[in-house]
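See below for the structure under consideration.
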DNA sequence: TTGTAGGCGTTATCAG
DNA sequence: CTGATAACGCCTACAA
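Put into structure tokens, the structure is as follows:
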């Protein structure tokens, strides 16, 4: 591999001058600049990022933590982040936390050793204090997930509104017996609390009481959805509609419902979350809440790079639009 | 961030001794080793990978090129690669080529600058000669895609057999008018040639002639599948079954078929490829060819690390099993 | 068994 | 405008 010295030698100039050209510093005569540029081309020279990192320069690499890449929501998010980053000349290092604290910390450690300039976190596993302690080593940005007391930029959606819109839609369709299925818990705090609030708000407004038996927590996969449906079938008093925290769970419910001889939406109306590709594949097509994944990725990179270039940037939060997509399952 | 010098100072020893401990070299007395270990712990010391890279050491980072991460086949593949790598203490840098030669080369350049020890390519865009020229800078391994004249390890599947099994299954079901849908071309060479061969072989064995009108090339998405179905409907002489290069295209075909009032499989039998999650979501469930993605990822990492640790390793190819999963769409 | 010194490729500082 | 030099953190001949 050609080094800066090779370029210097070939062009008959010093490393310093070559470096100036590489980094677009002023005070280089056009002639010499030309000379250097030619030599660089001739040797196929690429600056060595390791050396730059060692010198304390930026790495032009951004880390992204996702719980699991096979979740379409996250693979689309990573996709848009990667594309936006590529356009800006940045690389993306991906890490899956698998909802494991250790893996998350291991990834955050990349900041310490200047392997990445910053990390975009799309989910949070450890306590915020723990994570915040890494801010000293590099930039951290939250995209999708968030915390209240944070001192980092956040790109987020109004999850409360998303759930509210969905449940209100069900109510408008005449449903009063509405079940709820979340990937988190049904607590005041903790995962999924915003959506919980939206759900409660919509019911409250319509004067409908929550039936605790119709609350399903910690549901994630298609398989989970199938199980939920089986549980519902066994109930004496069944819901007529169900709001779900993911298209996949909604899909599982729908598949199982059909298998059990129920008709969607007349026997059971179903609403998903994310507007993943399967929403249009399911039959009937799934009514769902769309999250603007592409926007989230672009914005995250935009803000991250701003932060990197201007470390004193004022911390801001960005809220992106979330909308209801009505299809046939409601 | 603490450096090796800090550890040396704190432990009252030299950098050399500390380095020896870090790298498990012999000739360090137990006492001093203890001393160093304590100092390391106290300072929360982590070796700086950039410095190591600069010194020409391994980076414990492996690059993976995929065409697009949102394709479930690749996101599952990346997932299994990442998991296997993590277990071995390696990091994974992901790049999307978007089937673009430039992007692919940009990623291969990471080898030149020792940013990654090796690269796993799951697809190939540039001419092989071009790619092979990067072998000088680091290890390259092919997983999924392959070339004939290659001098790198390949983890691959018998695509010919996959297509053959699928088409044969259709024939056994009594179909004689069989359409074919590929993501590549219908050439002797080029993308998808193996599956083409399997398709042809199965028909040939059954004495069935190929109808060129029923060959659809360069089809990738659900939307593509829908278009294919529309084209089929317009035909005077329609096929009764279709073999498809991806579950997504198959899904599009199925959705559109139902929309047009056709019944699957009685009006049209459909067979997919990959056994992605949507195969079970579609109604009727999709008969498809399963590719053992997890195995592919694990094996790729296993072989890559072997290669890294023993550069003189004999080049081997590995063929993994591929199987037909019969469901309801045929 | 331990330590000294030099260099990997880059850029900032300082002197011309 | 240009160039010599030191330093980033690590590893390894070589010396002791």
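Residue numbers (our numbering), protein chains in the order written: chain A, 27 to 356; chain L, 27 to 356.
Ideal Cβ positions, reconstructed from N, Cα and C, are used throughout, including at glycine.
Start and end residues, beta strand (DSSP E) containing residue i
{"i": "residue 72/L", "result": "Residue 72/L -> no beta strand (DSSP E), and no H or E assigned at all."}
{"i": "residue 206/A", "result": "204 to 207"}
{"i": "residue 28/A", "result": "Careful: residue 28/A lies outside any beta strand (DSSP E) and carries neither H nor E."}
{"i": "residue 9/L", "result": "The structure shown does not extend to residue 9/L, since chain L is modelled only from 27 to 356, so the question has no answer here."}
{"i": "residue 198/A", "result": "Element bounds for residue 198/A: not the beta strand (DSSP E) but the alpha helix (DSSP H), 185 to 198."}
{"i": "residue 214/L", "result": "Neither: residue 214/L is in no beta strand (DSSP E) and is coded neither H nor E."}
{"i": "residue 350/A", "result": "349 to 351"}
{"i": "residue 315/A", "result": "314 to 316"}
Neighbourhood of residue i by C-beta distance below 8 Å, restricted to the same chain and skipping five residues each side
{"i": "residue 61/A", "result": "37, 38 and 39"}
{"i": "residue 74/L", "result": "27 and 29"}
{"i": "residue 248/A", "result": "274, 275, 277, 278 and 281"}
{"i": "residue 246/L", "result": "209, 272, 274 and 275"}
{"i": "residue 144/A", "result": "88, 89, 137, 164, 165, 166, 167, 330, 333 and 334"}
Identified DSSP bridge partners for residue i
{"i": "residue 321/L", "result": "Looking at the DSSP assignment, residue 321/L forms no beta bridge with any residue, so it has no partner."}
{"i": "residue 343/L", "result": "180/L"}
{"i": "residue 295/L", "result": "267/L"}
{"i": "residue 357/A", "result": "Shown here, chain A extends from 27 to 356; a query on residue 357/A therefore has no answer."}
{"i": "residue 242/L", "result": "207/L"}
{"i": "residue 300/L", "result": "316/L"}
Environment of residue i [buried if 16+ CB atoms lie within 10 Å]
{"i": "residue 339/L", "result": "exposed"}
{"i": "residue 302/A", "result": "buried"}
{"i": "residue 114/L", "result": "exposed"}
{"i": "residue 51/A", "result": "exposed"}
{"i": "residue 215/A", "result": "exposed"}
{"i": "residue 261/L", "result": "exposed"}
{"i": "residue 257/A", "result": "exposed"}
{"i": "residue 67/L", "result": "exposed"}
{"i": "residue 341/A", "result": "exposed"}
{"i": "residue 250/L", "result": "buried"}
{"i": "residue 325/L", "result": "buried"}
{"i": "residue 79/A", "result": "buried"}
{"i": "residue 291/L", "result": "buried"}
{"i": "residue 6/A", "result": "Given that chain A is displayed from residue 27 to residue 356, the structure contains no residue 6/A and the question cannot be resolved."}
{"i": "residue 306/A", "result": "buried"}
{"i": "residue 235/A", "result": "exposed"}
{"i": "residue 85/L", "result": "buried"}
{"i": "residue 53/L", "result": "exposed"}
{"i": "residue 76/L", "result": "buried"}
{"i": "residue 121/L", "result": "buried"}
{"i": "residue 170/L", "result": "buried"}
Spatial neighbours of residue i in its chain, beta-carbon cut-off 7 Å, leaving aside the 5 residues before and after
{"i": "residue 69/A", "result": "28, 32, 33 and 36"}
{"i": "residue 172/A", "result": "180 and 182"}
{"i": "residue 151/A", "result": "123, 125, 126, 127 and 130"}
{"i": "residue 98/L", "result": "302 and 303"}
{"i": "residue 191/L", "result": "315 and 350"}
{"i": "residue 45/A", "result": "30"}
{"i": "residue 118/L", "result": "88, 90, 107, 108 and 111"}
{"i": "residue 100/L", "result": "92, 93, 94 and 148"}
Residues of its chain near residue i, where Cβ-Cβ distance is below 6 Å and the 5 sequence neighbours each way are ignored
{"i": "residue 208/L", "result": "218, 243 and 271"}
{"i": "residue 232/A", "result": "197"}
{"i": "residue 189/L", "result": "221, 224 and 225"}
{"i": "residue 354/L", "result": "310 and 311"}
{"i": "residue 321/L", "result": "346"}
{"i": "residue 267/L", "result": "196, 201, 204 and 295"}
{"i": "residue 185/A", "result": "220 and 221"}
{"i": "residue 134/L", "result": "160"}
{"i": "residue 240/A", "result": "205 and 265"}
Unbroken alpha helix (DSSP H) run spanning residue i, endpoints
{"i": "residue 165/L", "result": "Premise fails: residue 165/L lies in the beta strand (DSSP E), 165 to 169, not in any alpha helix (DSSP H)."}
{"i": "residue 223/L", "result": "219 to 231"}
{"i": "residue 268/A", "result": "Taken as a continuous stretch (DSSP letters only), residue 268/A belongs to no alpha helix (DSSP H), being part of the beta strand (DSSP E) at 267 to 270."}
{"i": "residue 304/L", "result": "304 to 307"}
{"i": "residue 356/L", "result": "Segment: none, residue 356/L is in no alpha helix (DSSP H) and carries neither H nor E."}
{"i": "residue 46/A", "result": "41 to 48"}
{"i": "residue 254/L", "result": "248 to 260"}
{"i": "residue 274/A", "result": "273 to 285"}
{"i": "residue 107/A", "result": "98 to 113"}
{"i": "residue 153/A", "result": "No alpha helix (DSSP H) holds residue 153/A; DSSP gives it neither H nor E."}
Of the residues that make up the region 158 to 182 of chain L, which ones have a beta carbon closer than 9 Å to any beta carbon in chain A?
-> 163
Give, in chain order, every residue of the region 91 to 105 of chain L whose Cβ lies closer than 8 Å to some Cβ of chain A.
-> 94, 95, 96, 98, 101, 102, 104 and 105
Members of the region 297 to 311 of chain A that neighbour chain L once the beta carbon cut-off is set at 8 Å = 303, 304, 306, 307, 308 and 309
The region 181 to 214 of chain A: which residues have C-beta closer than 8 Å to a C-beta of chain L, in chain order?
-> none
Report the residues of the region 108 to 134 of chain L with a CB closer than 9 Å to any CB of chain A, ordered along the chain.
-> 108, 109, 112, 117, 118, 119, 120, 121, 122, 124, 129, 132 and 133
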